[in-house]
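In the UniProt record's numbering, the protein residues as written are 1 to 302.
Since the structure comes first, as structure tokens, the remarks are kept for the end.
Put into structure tokens, the structure is as follows:
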């Protein structure tokens with residue numbers, strides 16, 4: 001080996017592995033905001049397609065008056081499409097060789113104050129669970145809600161706090177931009193709720209709330225150091241909301257929740273207030289070369 005070749009190997013100890021990469025992996029490994037947007041858009045489109053196909057095949061099993069009427073109706077309407085989405089995300093991660101990276105230790109850790117958001121989410125999830133009117137629910141529907149919630153937490157966190165965050169960091173963005181952009185993408189996914197017939201006002205509130213919730217989940221990712229914890233927090237949030245209110249972004253008038261329901265119902269507002277903290281204080285930047293073997297960007301991105 002010539003001295004020039006030896007110098008090249010020494011300068012690129014990790015980058016050398018990229019020479020053997022496929023074009024597919026090389027494309028995604030370099031990251032970028034538009035690739036994060038592309039992942040979200042394709043995932044959302046495939047998720048909607050899965051829901052449509054499942055509806056064609058098994059729509060007769062969904063109660064037309066109340067999708068939460070029984071376990072089968074609930075799982076087909078809520079759980080089955082997100083299960084398909086989860087599988088597709090795992091396949092995508094495997095194709096990139098990212099599965100271990102997504103679920104491994106985070107390349108940057110958080111500050112103590114980030115536990116505030118984690119604590120708030122846990123507190124209100126517990127309050128909602130203990131306040132739900134379980135006698136007013138079908139037992140199978142409750143089980144289906146909990147199972148579906150696990151897949152909702154998995155899929156939505158993997159695609160946003162997993163893929164989107166990773167692509168933005170690989171693209172050279174600072175953590176403030178990583179947090180804001182990944183949360184905006186998370187909120188944008190929920191703007192599609194208007195296609196299901198929800199009112200613009202309800203969808204607007206949902207988008208604002210999910211943006212705030214995304215900020216809090218980002219802090220959970222940072223402070224816990226592993227994607228599994230935001231997944232579990234998210235996986236307990238949606239079911240607790242469904243069980244307390246009796247629907248998706250709705251309130252079930254036939255349910256009679258417990259005495260703490262009034263306090264539990266404030267959870268979304270409190271999360272939106274707490275989300276102001278990371279908006280102010282999040283800083284930092286992942287070293288692309290140390291974390292991913294990538295050269296620093298030509299210009300420093302905010």
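For every residue, glycine included, the Cβ atom is placed at its ideal position computed from N, Cα and C.
Start-to-end residues for the alpha helix (DSSP H) that takes in residue i
i: residue 234; result: 228-245
i: residue 29; result: 23-29
i: residue 299; result: Premise fails: residue 299 is in no alpha helix (DSSP H) and is neither H nor E.
i: residue 148; result: 139-157
i: residue 57; result: 33-58
i: residue 303; result: The first residue shown for the chain is 1 and the last is 302, placing residue 303 beyond what the model contains.
i: residue 127; result: 115-131
i: residue 267; result: 267-274
i: residue 284; result: Careful: residue 284 lies outside any alpha helix (DSSP H) and carries neither H nor E.
i: residue 262; result: 261-264
Backbone CA spacing between residue i and residue j [nearest angstrom]
i: residue 140; j: residue 221; result: 32 Å
i: residue 80; j: residue 54; result: 8 Å
i: residue 303; j: residue 286; result: Past the edges of the chain, shown from 1 to 302, lies residue 303, and the structure says nothing about it.
i: residue 106; j: residue 293; result: 15 Å
i: residue 270; j: residue 196; result: 27 Å
i: residue 289; j: residue 174; result: 14 Å
i: residue 96; j: residue 138; result: 41 Å
i: residue 178; j: residue 280; result: 14 Å
i: residue 45; j: residue 21; result: 28 Å
i: residue 188; j: residue 255; result: 31 Å
i: residue 132; j: residue 244; result: 4 Å
i: residue 273; j: residue 23; result: 44 Å
i: residue 74; j: residue 59; result: 11 Å
i: residue 176; j: residue 278; result: 9 Å
i: residue 51; j: residue 87; result: 14 Å
i: residue 259; j: residue 123; result: 16 Å
i: residue 237; j: residue 78; result: 15 Å
i: residue 28; j: residue 56; result: 34 Å
i: residue 261; j: residue 113; result: 27 Å
i: residue 224; j: residue 127; result: 23 Å
i: residue 194; j: residue 67; result: 18 Å
Expected contact under 8 Å - CB spacing of residue i and residue j to nearest Å
i: residue 168; j: residue 31; result: 7 Å
i: residue 204; j: residue 301; result: Going by Cβ atoms, the distance from residue 204 to residue 301 rounds to 30 Å, so no, they are not a contact pair.
i: residue 166; j: residue 229; result: Actually they do not touch by this definition, with Cβ atoms about 16 Å apart.
i: residue 153; j: residue 102; result: 14 Å between Cβ atoms; not a contact.
i: residue 216; j: residue 149; result: Not quite, the Cβ-Cβ distance comes to about 17 Å (not below 8 Å), so this is no contact.
i: residue 85; j: residue 155; result: 5 Å
i: residue 214; j: residue 186; result: 4 Å
i: residue 164; j: residue 182; result: 4 Å
i: residue 208; j: residue 40; result: In fact, because the Cβ distance is near 18 Å, the residues do not count as touching under 8 Å.
i: residue 76; j: residue 61; result: 5 Å
Requested in this report: Can you check the segment 165-224 for any alpha helix (DSSP H) of at least 4 residues that lies completely inside it and give the ranges in chain order?
Outcome: If we require 4 residues or more, the alpha helix (DSSP H) runs fully inside the segment 165-224 come out as 165-170, 175-191, 200-224.
Query raised in the report: Which whole runs of the alpha helix (DSSP H) in the segment 50-108 are 4 residues long or more, in chain order?
Result: Correct list: 71-74, 80-96, 99-102.
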